[in-house]
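Enquirer: Just dropping this structure here.
So, in structure tokens, the structure goes:
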């Protein structure tokens, strides 16, 4: 029996954009802050987050954001649009337990068709804010 990896894929642009906190003034900085928050969640977080390998997808002006040190995050820098990069990440994990965080309805439909589960940006923000 094969062990399924638990993977959390974060659509960074969508999660950052869900909170009007001035992120548009410094997209890379906003992405960096979110990545630090994700690393800080650790294993005591929500059961849907704890123990998952975290993949963050960066796009546009946030693509050059620097992740925090360590190996908790895998950073995917979208060569084109971020949605396609998220779909590519999900497609690369066909046998894994993949949870995608995005509030983009079209993207949710695309990754659910590949077998991923989805949660909205507000769900992740609530966990981070605890």
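Numbering (my numbering), first residue to last: 13 to 142. Glycine included, each C-beta is placed from N, C-alpha and C at the ideal position.
(1) Give the range of the beta strand (DSSP E) segment to which residue 110 is assigned.
(2) Considering only C-alpha positions, which residue in the set 23, 15, 16 is nearest to residue 136?
(3) In whole angstroms, what is the alpha-carbon distance linking residue 37 and residue 15?
(4) Ignoring anything shorter than 4 residues or poking outside the stretch 39-66, list the alpha helix (DSSP H) runs there in chain order.
(5) Please tell me whether residue 25 and residue 77 are closer than 8 Å, where the distance is taken between their beta carbons.
(6) Between which two residues does the alpha helix (DSSP H) holding residue 18 run?
(7) According to the neighbour-count rule (16 or more other Cβ atoms, all chains shown, within 10 Å of its Cβ), is residue 64 buried or exposed?
(8) How would you write the range of the alpha helix (DSSP H) that residue 120 sits in, first residue to last?
(9) Using the Cβ count rule (16 or more neighbours within 10 Å means buried), how would you classify residue 71?
(10) Evaluate residue 93 with the Cβ neighbour count: other Cβ atoms within 10 Å of its Cβ, from every protein chain shown; 16 or more gives buried, anything less gives exposed.
(11) Residue 95 to residue 69, Cα distance in whole Å?
(12) Quick one: is residue 116 buried, meaning 16 or more other Cβ sit within 10 Å of its Cβ, or exposed?
(13) Which of the three DSSP states is assigned to residue 88 in this structure?
Expert: Let me spell this out:
(1) The count along the chain shown starts at 1 and reaches residue 110 at position 98. Per DSSP, residue 110 belongs to the beta strand (DSSP E) from 109-113.
(2) For the purposes of this step, residue 136 is identified with residue 124 of the chain shown, where counting begins at 1. Nearest C-alpha to residue 136: 23.
(3) As a first step, residue 37 is located in the chain shown; it is residue number 25 there, counting from the start. As a first step, residue 15 is located in the chain shown; it is residue number 3 there, counting from the start. Roughly 43 Å separates the two Cα atoms.
(4) DSSP runs (the alpha helix (DSSP H)) wholly in the stretch 39-66: 39-53.
(5) Within the chain shown, the letter at position 13 stands for residue 25. Within the chain shown, the letter at position 65 stands for residue 77. No, these two residues do not count as a Cβ contact at 8 Å.
(6) In the chain shown, residue 18 corresponds to position 6, counting from 1. Where residue 18 is concerned, there is no enclosing alpha helix (DSSP H), although the beta strand (DSSP E) it sits in stretches over 18-23.
(7) For the purposes of this step, residue 64 is identified with residue 52 of the chain shown, where counting begins at 1. Residue 64 comes out buried.
(8) Numbered from its first residue, the chain shown carries residue 120 at position 108. Residue range 117-124 is occupied by the alpha helix (DSSP H) that includes residue 120.
(9) As a first step, residue 71 must be located in the chain shown, where it is residue number 59. By the neighbour-count rule (16 or more Cβ atoms within 10 Å), residue 71 is buried.
(10) As a first step, residue 93 is located in the chain shown; it is residue number 81 there, counting from the start. Under this definition residue 93 is an exposed residue.
(11) Taking the chain shown and counting its residues from 1, the one referred to as residue 95 is at position 83. Taking the chain shown and counting its residues from 1, the one referred to as residue 69 is at position 57. Distance between the alpha carbons of residue 95 and residue 69: 9 Å.
(12) Locating residue 116 in the chain shown gives position 104, counting from the first residue. Here residue 116 is buried: its Cβ has 16 or more other Cβ atoms, across all protein chains shown, within 10 Å.
(13) Residue mapping note: residue 88 aligns to position 76 of the chain shown, counting from 1. In this structure, residue 88 counts as strand in the three-state DSSP scheme.
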